[in-house]
Structure formats: C-alpha cells, structure tokens
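Reading through the structure tokens given below for one structure.
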Amino acid sequence: MDDLYRDFILDHYKNPRNFGELDPATHRYHDTNPLCGDEITMFLLVGDEGRIDDVHFTGRGCAISQASASILTEEIKGKTLDEVKEFDREHVLANLGIPISPARIKCALLSLKALKGAAWGLTAWPGEEPKEAASS
Ligand code: FES
C-alpha cells in the first residue's frame, strides 16, 4: 500500500502536472518553506463565474512539496473558488496517502498555503490562525 502511494508521489514529482508559469493569470502568490527555503508560486486564472479556468505552479523542493502542488492543481482546475475554499490541511495530507511526519508537514502544506495566498490573500499556514496578507 505504501509503495503504491510512494510511486504516486514520485510520479507527480518527476512529471509534475500544470508546471510552469501561467500568463495571463488573475491571481498569483509565491511562498517558501521557512525550514528549508524551498518555494512554490501558484498561478490562477479565475473566470467571471469564480471558476478556476486554469492553474499552474512553479517551484523547487522535495518530492512531497512538489507532488502535493501537482496533485492540488489537478484537483482544483475547473472548480469554483468557493468549492476550493473548503480545502484544508487534512484534505491535502489525505491526498498524499502516506503518513507525513511533523517535520514534513510544511512540505506537504506549502502548495495549499500558496493557493490560499493567491486566491484570498491568506498567509497563515493551513491549520493555524488565519490572518490577512498586506499584499502579495
Ligand atoms: Fe523543503 Fe520539503 S524539504 S519543502
């Protein structure tokens, strides 16, 4: 079981979906994992109906962080911002399908944090107290 999920993560890491800058984009946000300096930028193209017509990401980091971003972009494309707003820390951890140690939690959540920064200006780590961003 774990091997299956490891393969799943490695596949997303080696062949990331929706990787690269998105231009034009209506929303973008860059963030880093303070523990290692790895980074992700999330780009959204949101249509008039609040639907995510396209999403891309760029970044560099460990397999968990990059696979998590790839999986997240696949999942949210075509959904509305309202639908995506429900996504939380548990959702993203469940997507990965393997136990994530406390030391790697920020690896797993960096993409969700970048998404929330892009879409709503939220800069807190998912699962921590929300706060409004001054700007992105
Ligand atoms: Fe840097 Fe995972 S080690 S994001």
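When you line the sequence shown up against the numbering used here, it's residues 430 to 565, in that order.
For each residue, glycine too, the CB sits at the ideal point set by N, CA and C.
Anticipated Cβ contact below 8 Å, residue i with residue j, distance rounded
| i | j | result |
| --- | --- | --- |
| A510 | G546 | For the record, residue 510 in the displayed sequence is Leu; it is not Ala. Not confirmed; about 13 Å, so no contact. |
| L522 | S494 | Actually they do not touch by this definition, with Cβ atoms about 13 Å apart. |
| A537 | L551 | Wrong, their Cβ atoms sit about 17 Å apart, outside the cutoff. |
| I481 | I505 | 5 Å |
| N447 | E519 | Not quite, the Cβ-Cβ distance comes to about 23 Å (not below 8 Å), so this is no contact. |
| L474 | A498 | About 16 Å; that fails the 8 Å criterion. |
Buried versus exposed, by CB contacts within 10 Å (16 or more), residue i
| i | result |
| --- | --- |
| R457 | buried |
| K542 | buried |
| P528 | exposed |
| S564 | Any reading at S564 must be qualified, since the residue scores a pLDDT of 48, below 50, and its modelled position is unreliable; no value is offered. |
| K535 | buried |
| P555 | buried |
| P445 | buried |
| G490 | buried |
CB of residue i within 9 Å of CB of residue j, strictly
| i | j | result |
| --- | --- | --- |
| G488 | E468 | yes |
| F486 | T470 | yes |
| A553 | L464 | no |
| L451 | V484 | yes |
| K514 | A492 | no |
| L439 | A496 | yes |
Residues sharing a beta bridge with residue i, DSSP
| i | result |
| --- | --- |
| F437 | Looking at the DSSP assignment, F437 forms no beta bridge with any residue, so it has no partner. |
| T502 | Bridge partners of T502: none, in fact. |
| F570 | A question about residue 570 goes unanswered here, because the residues of the chain that appear run from 430 up to 565. |
| T509 | R480 |
| L544 | According to DSSP, L544 bridges with nothing at all. |
Please give the ranges of any beta strand (DSSP E) in the stretch 450-489, keeping only runs that are unbroken, at least 3 residues long and fully inside the region. 456-461, 468-475, 481-489
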